[in-house]
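When you line the first sequence up against the working numbering, it's residues 1415 to 1653, in that order. Just so it is clear, CB atoms sit at the ideal spot from N, CA and C, and this is done for glycine as well.
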Amino acid sequence: MRILQPHTRPADEAAARRIQDELRARAEPFGPGPERVRTIAGVDVAYAGAAGAADDQLAAAIVVLDAFTLEVVDSAVAVGRAEFPYVPGLFAFRELPTVLDALERLDTVPDLVLCDGHGVAHPRRFGLACHLGVLTGLPTAGVGKTRLVGEHAEPGAAPGDGADLVHEGEVVGRVLRTQRGVKPVYVSAGHRIGLDAACRHVLATAPRYRLPETTRQADALCRQALREAGTESGSPALS
DNA sequence: GCGACAG
DNA sequence: ATCTTGTCGC
């Protein structure tokens, strides 16, 4: 699929925050979402070695599943280098370039994209999910494994139970229990879909495990791509 | 000044 | 994120 807006690489952290502040005006983290969601994509990234530096090697994977059967209908991967160091709140600048490369290799256009990270549950309300949504125009939502910002009560024990994630007086997401006996996930709106609808889709794609099947499949794929890239005899020794 | 801090 | 042994439980 084609990417609408090209990614801009910021020169430093201040520039990165300015970009987020500008792009935030184009985000629409609300609404019922697409009328028909037939396919849902998962995005995930894996790193080689100690991650955190600005030039870490990484692999990004996109896996598109049938929203009802959860069968894989399309997928793509891309290997590259991080173009920004890991800084909480500026996470998107690190992974987005390679994620966009992978998206361009996709043969189909998913109806919804579930991201590994947060959407508006972010210091400036513009996490990875919002950023990817604005650049692609696709409906997106964030599904984080841990908290970045906000406070919340402990959600109920049953699948589907949740608690508001509140930051600076605003409900920015929901701490959602997907399975009994597992830690909850942090769901937040990204672009062109609101929190309630996002949670519905997260629950529908996580019938068995803690994380959505989309995320699990993407995780497996990018790890495999990274292994193969590391085993490649492609980069001949510089000797 | 002391913590907190998506992946 | 990734580094890693054993251990608890279905």
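Asked	Found
Complete alpha helix (DSSP H) runs within the region 1540 to 1596 (minimum length 4 residues, chain order)	1542 to 1550
Reference R1431; option with closest CA among G1503, I1417, V1457 and A1439	G1503
Contact the region 1437 to 1452 vs the region 1519 to 1527: 3+ CB pairs below 8 Å	yes
Sequence-distant residues of the same chain with beta carbon closer than 7 Å to P1650, five excluded per side	Per-residue confidence for P1650 stands at a pLDDT of 48, beneath the threshold of 50, marking its modelled position as unreliable; no derived number is given.
Paired residues, beta bridge with I1476 - DSSP	V1457 and A1490
C-beta atoms of A1460 and A1492 nearer than 7 Å	no
Closest by C-alpha distance to Q1547, when choosing among H1532, T1560, G1574 and V1501	Note that residue 1547 is Gly in the sequence shown here, rather than Gln. The shortest C-alpha separation from G1547 is found at H1532.
For F1654, the nearest candidate out of L1635, D1633, T1619 and C1636 (CA to CA)	This structure cannot speak to residue 1654, because the chain is shown only from 1415 to 1653.
Three-state secondary structure (DSSP) of R1622	coil
Cβ neighbours of Q1434 in the same chain (closer than 6 Å, five flanking residues each side left out)	R1538 and F1540
H1605 beta carbon less than 7 Å from that of C1544	yes
A1441, buried or exposed, once every other Cβ within 10 Å from all chains shown has been counted against 16	buried
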